[in-house]
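*Asks:* For the sequence shown, full-length UniProt numbering assigns the number 1 to the initial residue and increments by one for each residue that follows.
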Amino acid sequence: MFGPITLIARDPLVLVLLVLAVLGGLTLHNMTQALLARRLGDPSAADAGFVSPEPPVHHTLVSLLMYLLLGLALPRPVPLRLHGRPAALTLLSGPFTLLGVALLLLLLQRVQQWLLSGFDPLGLALGRAAYGLTQHSVFFLLPLPGLDLGRTLALTGPRLLRQGLAQLQMAGPVLAYIAWLLLALSGTLSWATEPAWRALSGVVGLLP
Numbered sequence: 001m002f003g004p005i006t007l008i009a010r011d012p013l014v015l016v017l018l019v020l021a022v023l024g025g026l027t028l029h030n031m032t033q034a035l036l037a038r039r040l041g042d043p044s045a046a047d048a049g050f051v052s053p054e055p056p057v058h059h060t061l062v063s064l065l066m067y068l069l070l071g072l073a074l075p076r077p078v079p080l081r082l083h084g085r086p087a088a089l090t091l092l093s094g095p096f097t098l099l100g101v102a103l104l105l106l107l108l109q110r111v112q113q114w115l116l117s118g119f120d121p122l123g124l125a126l127g128r129a130a131y132g133l134t135q136h137s138v139f140f141l142l143p144l145p146g147l148d149l150g151r152t153l154a155l156t157g158p159r160l161l162r163q164g165l166a167q168l169q170m171a172g173p174v175l176a177y178i179a180w181l182l183l184a185l186s187g188t189l190s191w192a193t194e195p196a197w198r199a200l201s202g203v204v205g206l207l208p
C-alpha cells in the first residue's frame, strides 16, 4: 500500500487535512464541469446535484477507500448530454480545474510558511495535496473510459473509437486503478507529472 493511509500512525492530522484537500479539489472538478455544462445548455448535471459541494454527490465510500490505499480518487462521473466541442470543453475543464486548485494550495502553503510557520502539519498536507491533485489532473488526461479524456473521446472521437470505449465502459474504474498502479510503480506517473508540477512551483517561486 502506498496511499495516504500510511500516514495514519505517524501523522494522522496530516492525513485528515490531506484527504479533505484532495477530495475538496475533486469536488471542485465536478462542480466546474456541471456549471460549465449548464452554461452550455445541458442542465442534467446541475439537476442531479453536481453544482452542490455535498460530498455524497461527488464521492463514494469505495472511492475514498481506494484513495486511502492507492492514492487515486475517482469521483462520480458528471452526467452529460452534450456532444462535440461543448462536451470536450466541459470534460476537459476538469483537469485544468485540478491544476488551478493545486496552484491555490501551493499559494496557501506559502502563506502558511509566512504566518503559521510552526504549524508544520498544515504545510505538509497542502504540499502533498497540491502534488496529488497535479497527478490526478495528468492521469485524467489518459484515454481510458471514465476518465475525462476518455469520456471526451467517447463523445467526440471516430465511430470505431467510440464503440471501443463503450465496450470498455463497465470496466472503466478497474482499468483506471490498474493503470494508476502500473504508472505509479514504474515511475511513469511521476515523470509525466513533473512538467506541470515544475510549472506550478515556478509560479509560486515568483513570490517574494
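In this text, a Cβ means the ideal position worked out from N, Cα and C, and glycines have one as well. Owing to the predicted nature of the structure, the values given are computational and were not obtained by experimental measurement.
Excluding the five sequence neighbours on either side, which residues of its own chain have a C-beta within less than 8 Å of the C-beta of Pro75, listed in chain order?
*Replies:* In the sequence shown, residue 75 corresponds to position 75, counting from 1. Same-chain partners within the cutoff: Leu26, Thr27, His29, Asn30, His58, His59 and Ser63.
*Asks:* With Thr193 as the anchor, note down where its alpha helix (DSSP H) starts and where it stops.
*Replies:* What you label residue 193 is simply residue 193 of the sequence shown in a count that begins at 1. Counting along the chain, the alpha helix (DSSP H) containing Thr193 begins and ends at Thr188 to Gly205.
*Asks:* Can you give me the C-alpha to C-alpha distance between Arg10 and Leu72, rounded to a whole angstrom?
*Replies:* Within the sequence shown, numbered from 1, the residue matching residue 10 stands at position 10. Within the sequence shown, numbered from 1, the residue matching residue 72 stands at position 72. Computed Cα separation, rounded: 21 Å.
*Asks:* Please report the Cβ distance between Ala102 and Ala130, rounded to the nearest whole angstrom; I am assuming they are in contact, meaning their Cβ atoms lie under 8 Å.
*Replies:* Walking along the sequence shown from the start, residue 102 turns up at place 102. Walking along the sequence shown from the start, residue 130 turns up at place 130. Rounded, the Cβ-Cβ distance is 4 Å, consistent with contact.
*Asks:* Below 8 Å, how does it come out for the segment 148-156 and the segment 103-117: are there three or more Cβ pairs, yes or no?
*Replies:* The segment 148-156 vs the segment 103-117: no contact.
*Asks:* Measure the C-alpha to C-alpha separation of Pro12 and Leu35 and round it to an integer number of angstroms.
*Replies:* In the sequence shown, counting from the first residue as 1, residue 12 sits at position 12. In the sequence shown, counting from the first residue as 1, residue 35 sits at position 35. Near 34 Å, if we compare the C-alpha coordinates of Leu35 and Pro12.
*Asks:* Compute the Euclidean distance between the alpha carbons of Leu99 and Met66, then round it to the nearest angstrom.
*Replies:* In the sequence shown, counting from the first residue as 1, residue 99 sits at position 99. In the sequence shown, counting from the first residue as 1, residue 66 sits at position 66. For Leu99 and Met66, the distance between alpha carbons rounds to 22 Å.
*Asks:* Does the beta-carbon of Gln135 have 16 or more other beta-carbons within 10 angstroms, so that it is buried, or is it exposed?
*Replies:* Reading the sequence shown from its first residue, position 135 is the one you call residue 135. With 16 or more Cβ atoms within 10 Å of its Cβ, Gln135 is classed as buried.
*Asks:* Kindly indicate which three-state DSSP category Ser44 falls into: helix, strand or coil?
*Replies:* Taking the first residue of the sequence shown as position 1, residue 44 is located at position 44. The answer is helix: DSSP assigns Ser44 an H, G or I state.
*Asks:* Please list, in chain order, all residues of the same chain as Gly49 whose beta carbon is under 6 Å from its beta carbon, the five residues on each side excluded.
*Replies:* Counted from its first residue, the sequence shown places residue 49 at position 49. Result list for Gly49: Val57, in chain order.
*Asks:* Taking only three categories from DSSP, how would you classify Pro4?
*Replies:* Taking the sequence shown and counting its residues from 1, one reaches residue 4 at position 4. Residue state, collapsed to three classes: helix.
*Asks:* Could you tell me whether the segment 14-22 touches the segment 77-84, using the rule of 3 or more Cβ pairs below 8 Å?
*Replies:* Result no; under three Cβ-Cβ pairs closer than 8 Å.
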